[in-house]
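Single-structure report; data block below.
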Amino acid sequence: MADNLGKKILGLVGQEENINTITHCATRLRMTLKNRDVVKRDKIEALQGVLSVVEKGGQFQVVIGPNVPNVYEDLIRGTRLAGEKSGNDVSKDDGKIIARVFNTIAGIFTPLLPLLAGSGVLRGLVLLSTQLGWLSDKSGTYHILTAASTSVFYFLPILLAFTTAKRFGANLYVSVAVMGALIMPEFTNIMGTHGNGVITHFLGIPIVTMTYTSTVIPAILAIWCLSYLERFLKNHIAESLQLLFVPLISLFIMVPITAGLFGPFGVYTGEGIARIINWLIQSNGWIAGALIGGVWNVFVIFGLQWAVNPIMIMNISTLGFDKIVPLTGAANFGMAGATLGTFLKTKNKKTKSYTMSALLSIFFAGITEPAIYGVAVRYKRPLIGAVIGGAVGGAFMGGMQTKAYAFVFGGLTTLPAFVGKTFVYYALGLAICFIVAAIATMILGFDEESKDIEKNQVTENVSLAVNQQFISTPILGEVKELKESKDPAFADGSMGSGFLVEPQEGKVYAPFDGTVKVLFPTHHAIGIESKNGTEVMIHIGINTVELKGKYFECHVKQGENVKKGQLLTTFDLASIHKAGYDVSTPVIVTNTQDYKDVQLLKKGKQVQGSVVMEALTE
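See the structure below:
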């Protein structure tokens, strides 16, 4: 692709002054323009990297292909459009408010998870070393390593301010300064030795001072509010004055508001939720442990774990320990046991290979998604086995009041984070989860893949040896030639060869074994690359990006390895129809140029998983 393609397109559409709004979907830039007459369409179409230009529904659409995110970032960089891009889509990311909340929390915490996990393991190793007598708690080494492993919690409000600002589109540096002000010595000295609750005044307005180190909710609320304030200020302050007055006014308003309103509300709310959950575990740990250990993997399937993660982090930050983290470890090892049970039960060599890699992912990284989506959801009964194992082991851990001293994912490498008086109960609990889940899965059994699917897999393996890739239809429905698409960018083949599916159900499955390479935030499009390099884009409907994720739900993550027939995305077919959108789904081989021939093998009504296209390199 040509360098600076975004900037070239910007110049040919009349610069940023001619753009009212701009966004992008999985394949194209979408702009609404003030003056269509100044646009040089022919020159845009002639640019290297531009596939075509489409004008539809009042939008000027430049079709780029899978590299559109990079072109979009290049176009808006250094313009006013960059300051408007992020916050506009977040609140409408999904049609359901609960899903929007979970998606937002996930977007805020995901960048911090590696840091939290690494700090947690380091903290566990320090604790283990002191308990074994290898390290004195009075030595300089101990204090330096303690600072290294706990700084993430002390400065958690600043880190959350940064990730929240990226999520909502607020200025990153102003956001950090707002929360940094509340952990400055000048602010904390107001409380003296009295702690939370000291009253001070700002311009005569009383403010209850709090300790904000290690807090979660105040930063999220404050930066969310800041994102709206900044947009308001930019709309009412001349551009030449924004550099000075937008940060100035933002700090003047947001620091006192956060200290007087969002801060106390967030602290008291967070503490209240944590007390309720901790009370449940304390009052009857057996029941609470069984419940959390049993349903946690189901939470992960639907993304609900993001509602609880902040509570665990807050407990560790304020109390120094948490009793929920061990129960999530119970769920992880319940899933590990179910995966082992599947490995022992199956006779399919490919399934054995996949289950072993998924099992190692849990053991060494505490990552369960490959097992959840590739084993438990796919075969169903292993999920029941995982729930049983997690519940039994979780009940034991909860009953013994097992504690974690850092926020980590439950795996073998994170065991040091649980070192303490209850460590033996945690280790025994993991063993219980693992063994019970494995036995339950082997007793319950599961349905092996059908003979047809196994036959397709064998055929696909043979095809790879002769530089041939079979592509199955990812959706139950009627397969048509791509030229029948009502979207000219797909119909003319400029995006690549492929086929069209008229869906009869709202489920999208993987057309082959591969890796999720492109996953658009609105979940209406997904790109997968096969093991031998075939790149396929599945684009659900025409212009469905305008729904901003409403009626779509994704079940995989970008970068995740998937198996043929694995559920990728679900969508509400009837609701999308009712909203007035065409749901015909193009399936495109985006690297068609790498193949000598890409041809459609079957048309008409086809079941999901039926091979309908092949790509040949020779």
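Going by the UniProt record's numbering, 304 is the number at position 304 of the sequence shown; the sequence numbering is gapless.
The C-beta atom is built at its ideal place from N, Cα and C for all residues, glycine as well.
Note that this is a predicted model, so its numbers are computed, not measured.
Query raised in the report: Looking only at its own chain, which residues have a Cβ that is under 6 Å from the Cβ of Ser119, when we skip the five neighbours before and after it?
Result: For Ser119, where only same-chain residues beyond five positions count, the Cβ hits under 6 Å are Ser149, Val152.
query = Pairing CB atoms from the segment 508-515 with CB atoms from the segment 553-565, are three or more of them under 8 Å?
reply = Contact check between the segment 508-515 and the segment 553-565: three or more CB pairs, one atom from each, fall below 8 Å, which counts as touching.
- CB Val38 to CB Gly14, shorter than 9 Å? In this structure, Val38 sits near Gly14, with a CB-CB distance shorter than 9 Å.
Phe187 lies in the alpha helix (DSSP H); which residues open and close that run? DSSP places Phe187 inside the alpha helix (DSSP H), whose first and last residues are 185-188.
#### Entry: Those residues which DSSP pairs with Lys40 across a bridge
None, per the DSSP bridge assignment.
Given Gly289 as reference, the closest of Gly337, Met31, Leu327, Ser283 once Cα atoms are compared: Among Gly337, Met31, Leu327, Ser283, the Cα nearest to that of Gly289 is on Leu327.
Query raised in the report: Does DSSP classify Tyr509 as helix, strand or coil?
Result: Correct three-state label for Tyr509: strand.
Would the beta-carbon of Lys323 fall within 9 Å of that of Ile281? Taking 9 Å as the Cβ cut-off, Lys323 and Ile281 qualify as a contacting pair.
| query | What separation, rounded to the nearest whole angstrom, lies between the Cα atoms of Lys603 and Glu478? | reply | About 7 Å.
Practice prompt. Give every residue of the same chain whose Cβ lies closer than 7 Å to the Cβ of Ser227, excluding the five residues on either side of it in the sequence, and list them in chain order.
Written response: So the list reads Gly87, Phe168, Gly169, Ala170, once near-sequence residues are dropped.
message: Just to confirm before moving on: does the CB-CB distance between Gly445 and Lys345 stay below 9 Å?
response: Yes, Cβ-Cβ distance for Gly445 and Lys345 is below 9 Å.
| field | Rounded C-alpha distance that separates Asn4 from Asp74 | value | Taking the straight line from one Cα to the other gives about 7 Å.
Q | Residue of Phe571, Ile207, Ile257, Leu241 minimising C-alpha distance to Cys225 | A | Looking only at Phe571, Ile207, Ile257, Leu241, the smallest Cα-Cα distance to Cys225 is reached by Ile257.
task = In the DSSP assignment, find the unbroken alpha helix (DSSP H) run with Ala525 in it and report its ends.
result = Premise fails: Ala525 lies in the beta strand (DSSP E), 525-530, not in any alpha helix (DSSP H).
Q) What residues match up with Val53 in a beta bridge as DSSP calls it? A) Under DSSP, the beta-bridge partners assigned to Val53 are Val62.
Curious, which full-length beta strand (DSSP E) runs of at least 3 residues does the segment 218-253 contain?
-> If we require 3 residues or more, the segment 218-253 turns out to have no beta strand (DSSP E) run fully inside it.
Alpha carbons only, please: which of Gly394, Leu340, Gly493 is nearest the one belonging to Met442?
With respect to the C-alpha of Met442, the residue from Gly394, Leu340, Gly493 having the closest C-alpha is Leu340.
| message | Assuming contact is defined by CB atoms lying nearer than 9 Å, are Pro416 and Met495 in contact in what I supplied? | response | Result no, Cβ atoms of Pro416 and Met495 do not sit closer than 9 Å.
Check: Hey, Ala219 and Ala161 are a contact pair by Cβ (cut 8 Å); roughly how many whole angstroms apart?
Finding: About 5 Å separates the two Cβ atoms, so the contact holds.
- So, Phe434 versus Ala358, is the Cβ gap smaller than 9 Å? No, they are not a contact pair.
Helix, strand or coil at residue 690 [DSSP, three-state]: Examination of residue 690 is not possible in this model, given that the chain is present from 1 through 618 alone.
* Asked: Thinking just about the alpha-carbon of each residue, which of Val63, Glu502, Gly11 is nearest to the one in Leu29?
  -> When only C-alpha atoms are compared, the closest one is Val63.
Contacting residues, own chain, Cβ-Cβ under 8 Å from Asn315 (five flanking each side not counted): Spatial neighbours of Asn315 in its own chain (CB-CB distance under 8 Å, excluding positions within 5 residues in sequence) are listed in chain order as Ala274, Asn278, Phe321, Asp322, Lys323, Ile324.
| message | Less than 9 Å between the beta carbons of residue 619 and Phe299, yes or no? | response | In the structure as shown, the chain begins at 1 and stops at 618. Residue 619 is therefore absent and cannot be evaluated.
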